[in-house]
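Colleague: For the sequence shown, numbering that gives the first Met the number 0 begins at 0 and goes up steadily by one.
The beta carbon of each residue, even a glycine, is placed where N, CA and C say it ideally should be.
Structure in structure tokens, see below.
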Amino acid sequence: MGGTMNLDRDGWIDLVWTSLRDIPIGDVVEKLESAWRDHQSRENPVAAIYGAYDAGKSSLLKRLLFEDGVAVPSEITVSGRRETFSVDEITGSTWTFRDSPGFAGGNDEHDIKALESLDLADLLVWVLPPQLVTSNKETFDAIVTGERFGVTGDHVTDSLLAVISRIDEAGIDPSENPEGFRSLCSRKQAEFKSLLDAIGSTSPRWGVHPVSADPYQSVGNEQPDASLYEMGSGWDGVGELREALTQAQLSVPELRTLSGYRFASHAITSFTRMVQVEQALREEAIATCENELERVALWRTSLDALRRKCEADLHRLMEDELLSAIRIGTVSAAEALQTRLVEALDQWSEQAYAEFENLAASADQEASERGRSPAMRRLGELILEMGAAESDSTKPGVEGKAKKRASQFSRAFRDGFKAYARVDLSMSLDEAAKFVREWKQSGLGWDEFRKAHNVKNFPTEEVAKKASKYVKWAEALDSVGPIMEQLGPLLYDIGSDVLSAMEAEKKAHQRQKLRDALRGAAAEVEDEAKTGMEEMTGTFSEWLDQQEKIHLPAKQALAAQLSELIRFEAELASLLRQRPT
0 MGGTMNLDRD GWIDLVWTSL RDIPIGDVVE KLESAWRDHQ SRENPVAAIY GAYDAGKSSL
60 LKRLLFEDGV AVPSEITVSG RRETFSVDEI TGSTWTFRDS PGFAGGNDEH DIKALESLDL
120 ADLLVWVLPP QLVTSNKETF DAIVTGERFG VTGDHVTDSL LAVISRIDEA GIDPSENPEG
180 FRSLCSRKQA EFKSLLDAIG STSPRWGVHP VSADPYQSVG NEQPDASLYE MGSGWDGVGE
240 LREALTQAQL SVPELRTLSG YRFASHAITS FTRMVQVEQA LREEAIATCE NELERVALWR
300 TSLDALRRKC EADLHRLMED ELLSAIRIGT VSAAEALQTR LVEALDQWSE QAYAEFENLA
360 ASADQEASER GRSPAMRRLG ELILEMGAAE SDSTKPGVEG KAKKRASQFS RAFRDGFKAY
420 ARVDLSMSLD EAAKFVREWK QSGLGWDEFR KAHNVKNFPT EEVAKKASKY VKWAEALDSV
480 GPIMEQLGPL LYDIGSDVLS AMEAEKKAHQ RQKLRDALRG AAAEVEDEAK TGMEEMTGTF
540 SEWLDQQEKI HLPAKQALAA QLSELIRFEA ELASLLRQRP T
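As structure tokens, this is what we get:
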């Protein structure tokens with residue numbers, strides 16, 4: 000969009016629609032511009048008759064059509080009830096009259112349609128009851144001050160004609176007291192202008208007209224009758240009103256431009272409000288993404304800390320047990336080492352499992368609570384709109400739809416390590432642990448052990464080994480046996496009570512050899528246990544990765560959208576700055 004130009008109103012209106020075409024907001028602009036172009040080409044000017052539902056709009060329209068010599072449609076109903084809903088147009092001799100639904104009809108849709116009926120109207124005919132504005136004052140004020148259209152008040156009042164309708168119902172009979180009636184009309188006009196002054200609005204350019212369109216309500220819903228209308232001759236104000244309409248008709252080119260000016264201004268201000276709402280939604284969504292990414296980082300830090308702690312605990316355990324055996328250096332120490340390692344590893348795995356489950360439960364609860372928040376709900380809606388999280392929506396469980404991910408991680412964990420184990424092994428983890436531990440400690444081959452203990456649950460060694468993977472990282476225990484085979488003779492030799500100088504030197508060498516072997520064996524056990532730890536925590540890690548895959552691209556996409564919205568708002572503001580007064 001170029002720099003500021005000196006434009007007249009017509010030039011600015013064209014600039015608005017040309018500029019808005021370049022902004023990607025669907026077909027809204029195209030429809031609005033088309034509506035303006037259609038109105039711009041209309042032969043007859045349009046007068047929108049609006050007001051409260053009981054103001055007397057239908058009686059006025061009926062009378063104007065009668066005076067124009069136009070047949071009155073049967074659908075024009077004279078009623079003080081909240082029943083007029085549609086927006087109808089009826090063409091008179093010079094004006095096309097738009098019959099608007101009444102405001103304050105107790106129906107929001109009524110009011111929306113009534114407001115929309117004022118768009119693209121060349122003349123605004125505001126019909127008021129004798130008591131003037133009694134309800135929905137804020138709406139009428141927004142119209143006459145220009146707030147509803149996003150313009151200053153003079154761009155409305157220059158197209159405004161006011162009618163104080165049913166004036167013969169105001170308390171003075173015009174036939175019996177003509178002078179008092181004229182005085183009443185003047186007071187009502189002054190009272191109305193005072194109401195406008197109070198809200199900073201100027202008087203309607205086309206006058207304020209006290210009118211009795213249906214004197215003494217004689218016609219009502221019947222077909223117009225000239226003799227009944229004749230009763231108001233000289234005081235009903237219809238002649239003065241028709242003269243004002245004739246004068247306004249002479250200024251149709253100006254009024255048509257004003258209608259386009261209001262319509263374009265209303266479009267810009269409406270788009271601006273829409274953009275600001277969308278900006279706020281995306282700013283909130285970006286903040287939510289950032290919060291979620293921070294939570295993911297904290298959970299990852301906690302998981303890494305847990306892993307390091309468990310690995311440190313494992314390393315210390317190995318040092319304590321294996322080095323103790325070296326220090327003692329006896330056959331009994333060697334014989335006890337395997338049992339102590341099994342017990343120590345079992346205790347370590349129980350503790351690690353419990354600590355991880357606490358972390359998982361805490362993360363699951365927090366994610367579930369955060370997932371139910373309004374901000375997360377709105378973020379989810381935006382993500383689904385962008386399609387950023389639907390690429391793998393057909394995958395089950397933790398790989399399911401993005402909007403369900405936050406509450407599914409711990410369930411996947413539990414399914415993987417408890418319920419899944421029961422289904423896969425046809426027994427609980429505790430039962431599996433018992434069989435696996437007995438098998439490992441028996442020293443027998445699987446077939447021998449199975450026959451000796453009548454084990455039916457694990458038909459093959461492969462199934463038994465799979466069970467061991469479920470049971471507190473039993474792979475680590477597989478390393479204990481080889482350790483004993485490797486270190487047992489060394490421990491026995493070092494523990495000999497018969498020493499000589501040569502033997503002492505040999506024993507020192509053997510101790511060093513034992514330490515080296517110990518380091519390798521300990522590393523093997525630790526690696527096996529760490530592998531089990533990684534398998535156990537892998538679901539959590541995958542869930543954290545998935546959260547990053549959701550929120551990081553979503554944040555980037557939202558930031559790009561926000562940038563585009565800011566640019567859009569700047570272009571709208573530029574159009575308003577170029578708007579002529």
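#1: From what residue to what residue does the beta strand (DSSP E) around Phe96 run?
#2: If you follow the alpha helix (DSSP H) that Val15 is part of, which residue opens it and which one closes it?
#3: Report the partner residues of Ile382 according to the DSSP bridge assignment.
#4: If you count every other CB in all the chains shown that lies within 10 Å of the CB of Val45, and 16 or more means buried, which is it?
#5: Classify Pro128 as helix, strand or coil using the three-state DSSP reduction.
#6: Could you check what DSSP says for Val207 in three-state terms: helix, strand or coil?
#7: Below 6 angstroms CB to CB, which residues in the same chain sit around Arg80 once its five sequence neighbours on both sides are set aside?
#8: Compare the C-alpha of Val524 against each of Glu380, Gly537, Pro579, Asp345 and name the closest.
#9: Apart from the five residues on each side of it in sequence, which residues of its chain come closer than 6 angstroms, Cβ to Cβ, to Ala161?
#10: If you drop the 5 nearest sequence neighbours on each side, which residues of the same chain put their C-beta closer than 8 angstroms to that of Arg241?
#11: Over the uninterrupted beta strand (DSSP E) stretch that includes Leu159, give me the two end residues.
#12: In the DSSP assignment, the beta strand (DSSP E) including Ile48 goes from what residue to what residue?
#13: When DSSP builds the beta bridges, which residues end up paired with Glu523?
#14: If we count the other Cβ atoms within 10 Å of its Cβ and call it buried at 16 or more, is Ser200 buried or exposed?
#15: Where do the ends of the beta strand (DSSP E) carrying Thr138 lie?
#16: Looking only at DSSP bridge pairs, what is Leu123 linked to?
#17: Within 10 angstroms of the Cβ of Gln577, are there 16 or more other Cβ atoms? Answer buried if so, exposed if not.
#18: Within this structure, are the beta carbons of His550 and Glu291 separated by less than 7 angstroms?
#19: Under 7 angstroms, do Leu127 and Phe96 count as touching if we go by C-beta distance?
#20: Looking at the structure shown, is Ile89 part of a helix, part of a strand, or coil, going by DSSP?
#21: Among residues of its own chain, excluding the 5 on either side of Glu365, which ones have a beta-carbon nearer than 6 angstroms to its beta-carbon?
#22: Report buried or exposed for Ser116, applying the criterion of at least 16 other Cβ atoms within 10 angstroms of its Cβ.
#23: Given a cut-off of 7 angstroms on the beta-carbon distance, is the pair Leu313 and Ala528 in contact?
#24: Whose CA, out of Glu190, Asp544, Asp118, lies closest to the CA of Arg36?
#25: Return the residue from the list Ala304, Arg306, Arg339 that minimises the CA-CA distance to Asp319.
#26: Is there at least one Cβ from chain B nearer than 7 angstroms to Ala263's Cβ?
#27: For the alpha helix (DSSP H) that contains Gly238, what are its first and last residues?
#28: Could you tell me the distance, in whole angstroms, from the CA atom of Glu541 to the CA atom of Ala451?
#29: Roughly how many angstroms separate the alpha carbons of Gln275 and Glu568, rounded to a whole number?
#30: Can you tell me where the alpha helix (DSSP H) with Gln39 in it begins and where it stops?
#31: So, is Gly152 buried or exposed, given that buried needs 16 or more other C-beta atoms within 10 angstroms?
#32: Counting only the same chain and skipping the five closest in sequence on each side, list residues whose C-beta sits under 6 angstroms from that of Val132.
#33: What separation, rounded to the nearest whole angstrom, lies between the Cα atoms of Arg299 and Leu305?
#34: When the Cα atoms are used, what is the spatial distance from Glu389 to Leu557?
#35: Tell me the rounded alpha-carbon separation between Asp13 and Arg147.
#36: Which first and last residues belong to the alpha helix (DSSP H) in which Ala113 is found?
Modeller: This is what the structure holds:
#1: 95 to 98
#2: 8 to 19
#3: Checking the DSSP bridge columns, you'll see Ile382 has no partner listed.
#4: buried
#5: coil
#6: strand
#7: Any reading at Arg80 needs caution, since the residue's pLDDT is 48, under 50, leaving its predicted position unreliable; the model's value is listed next. Counting only Cβ-Cβ distances below 6 angstroms, and skipping sequence neighbours, we find nothing.
#8: Asp345
#9: Trp125, Pro203, Val207
#10: Leu63, Glu66
#11: Start and end: 159 to 163.
#12: Counting along the chain, Ile48 sits inside the beta strand (DSSP E) bounded by residues 45 to 50.
#13: Partner(s): none; Glu523 has no beta bridge.
#14: buried
#15: Secondary structure note for Thr138: it is in no beta strand (DSSP E), and the uninterrupted alpha helix (DSSP H) holding it is 136 to 143.
#16: Ala47, Leu159
#17: buried
#18: Going by C-beta atoms, His550 is nearer than 7 angstroms to Glu291.
#19: no
#20: strand
#21: Cβ neighbours of Glu365 within its own chain (closer than 6 angstroms, five residues either side excluded): none.
#22: buried
#23: yes
#24: Asp118
#25: Taking only the C-alpha atoms, the option nearest Asp319 is Arg339.
#26: The structure shown contains no chain B; it holds only a single protein chain.
#27: Per DSSP, the unbroken alpha helix (DSSP H) holding Gly238 starts and ends at 237 to 248.
#28: If I take the Cα positions, the gap works out to 42 angstroms.
#29: 8 angstroms
#30: 27 to 39
#31: buried
#32: Phe139
#33: Their Cα atoms are separated by approximately 10 angstroms.
#34: With a pLDDT of only 41 at Glu389, under the threshold of 50, the placement of this residue in the model should not be trusted, and no figure is reported.
#35: 21 angstroms
#36: 107 to 115
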